[in-house]
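Each residue of the sequence shown is one higher than the last, beginning at 3 in this note's numbering.
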Amino acid sequence: MMKIKSSLVALIVLAAFSLPLMAHISVNPRTTSDVGVHHKLFFIRAPVEKAIPVVELGFEVSEEWRNNGGDVNSFQHVPGWDLNVEFDDEGKVTKAFWTGGEAPRETFLMFYMSMNVPETPGVYRFNSWQKWEDGSELFFNEPRGEGVEAPFPTVTVEEGNPEDSAPAEEEPFLSAGVIHVGSAAMALLALAISLVSMKQRNGAA
Numbered sequence: 003m004m005k006i007k008s009s010l011v012a013l014i015v016l017a018a019f020s021l022p023l024m025a026h027i028s029v030n031p032r033t034t035s036d037v038g039v040h041h042k043l044f045f046i047r048a049p050v051e052k053a054i055p056v057v058e059l060g061f062e063v064s065e066e067w068r069n070n071g072g073d074v075n076s077f078q079h080v081p082g083w084d085l086n087v088e089f090d091d092e093g094k095v096t097k098a099f100w101t102g103g104e105a106p107r108e109t110f111l112m113f114y115m116s117m118n119v120p121e122t123p124g125v126y127r128f129n130s131w132q133k134w135e136d137g138s139e140l141f142f143n144e145p146r147g148e149g150v151e152a153p154f155p156t157v158t159v160e161e162g163n164p165e166d167s168a169p170a171e172e173e174p175f176l177s178a179g180v181i182h183v184g185s186a187a188m189a190l191l192a193l194a195i196s197l198v199s200m201k202q203r204n205g206a207a
């Protein structure tokens, strides 16, 4: 019985630390009620999806986002990474990507940017991609849904009080390329610890 419980705890711990690596690229906060607000802080986050380092991460700003009053104002400076930006005829950012750095396995990249939120509520797509050290690439440009392997990130802009806007998924100012354990992983770890404590109490009794 002890072996079964020990194996269960081991599986829970393993799952906890595997959760972040199963995620895809996201633009955060994914939901905001700051309609039309300028200079709101967003960040793009991407786990390394393979056993080899990521050497490029990028995203596109949709025409819908730009036409409805959205824009990208500025980007976080990340030492070791080169920022590349493309613009449309009106001077709005259409594409941004980072090169020149390297993110090893079991880490994730996270870059901050200041953006203007569209004045029209809606679900806005941000086609994204990663490129690895061996030259392979993966584009996240598919509509979200069951069985989709590479869904594009979205930001949902809702009507409402800006003070009620959903918080960013992570605390700000985390460094790019650090091992991440999310809230779901912490919950699983807590469950594992509870199982161990329960077994110890039963044994003592």
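Don't be surprised by glycine CBs; every beta carbon is placed ideally from N, CA and C.
Please state if the CB of glutamate 58 and the CB of tryptophan 100 are separated by a distance shorter than 8 Å.
In this structure, glutamate 58 lies closer than 8 Å to tryptophan 100 by Cβ.
By Cβ distance, which residues of its chain are closer than 8 Å to phenylalanine 89, with the 5 residues on each side in sequence left out?
Once the five neighbours on either side are set aside, the close Cβ partners of phenylalanine 89 are Val95 and Thr96.
Separation of valine 125 from glutamate 108, as counted between CA atoms
Linking glutamate 108 to valine 125 through their CA atoms gives a straight-line distance of about 30 Å.
Short Cβ contact (8 Å threshold) for proline 145 with proline 106:
Contact: no.
Who are the Cβ neighbours of methionine 115 in its own chain at under 6 Å, not counting the five residues just before and after it?
Within the same chain, and ignoring the five residues on either side of methionine 115 in sequence, the residues whose Cβ sits closer than 6 Å to its Cβ are Phe44, Val74 and Phe77.
State the Cα-Cα distance for the pair valine 87 and glycine 72, rounded to the nearest angstrom.
Using only the alpha carbons, I get a separation of about 16 Å.
Buried or exposed (CB count within 10 angstroms, at least 16 for buried), proline 81
An exposed status is given to proline 81, since fewer than 16 other beta-carbon atoms sit within 10 Å of its beta-carbon.
Assign histidine 41 to one of two classes, buried (16 or more other C-beta atoms within 10 Å of its C-beta) or exposed (fewer than that).
Exposed, because fewer than 16 other Cβ atoms sit within 10 Å of the Cβ of histidine 41.
Just grab the DSSP bridge partners of asparagine 30 for me.
The partner list for asparagine 30 (beta bridge, DSSP) reads Phe45.
Could you check where the alpha helix (DSSP H) with arginine 127 kicks off and where it finishes?
Counted as a single uninterrupted DSSP element, the stretch harbouring arginine 127 is not any alpha helix (DSSP H) but the beta strand (DSSP E) occupying residues 124 to 127.
Residue nearest to methionine 1 in terms of C-alpha spacing, selected from Gly162, Arg47, Ile27 and Asp36:
With the chain represented from 3 up to 207, any question about residue 1 goes unanswered, as that position is not in the structure.
Name the DSSP beta bridge partners of aspartate 73, please?
Paired residue(s): Asn118.
Taking C-beta to C-beta, are phenylalanine 142 and proline 155 nearer than 8 Å?
The answer is yes: Cβ separation under 8 Å.
In this structure, how does DSSP classify tryptophan 83 when only helix, strand and coil are distinguished?
Assignment of tryptophan 83 by DSSP, reduced to helix, strand and coil, places it in the coil class.
If you follow the beta strand (DSSP E) that serine 35 is part of, which residue opens it and which one closes it?
For serine 35, there is no enclosing beta strand (DSSP E), since its DSSP letter is neither H nor E.
Cβ distance (whole Å) where glycine 38 is taken to contact serine 130 below 8 Å
Under the criterion of beta carbons closer than 8 Å, glycine 38 and serine 130 do not qualify as touching, at roughly 24 Å.
Determine the DSSP secondary structure at glutamate 1, reduced to helix, strand or coil.
Coverage of the chain is limited to positions 3 through 207, which leaves residue 1 absent and any answer about it impossible.
Give a yes or no on whether the C-beta atoms belonging to glutamate 148 and asparagine 70 are separated by under 8 Å.
In this structure, asparagine 70 does not lie closer than 8 Å to glutamate 148 by Cβ.
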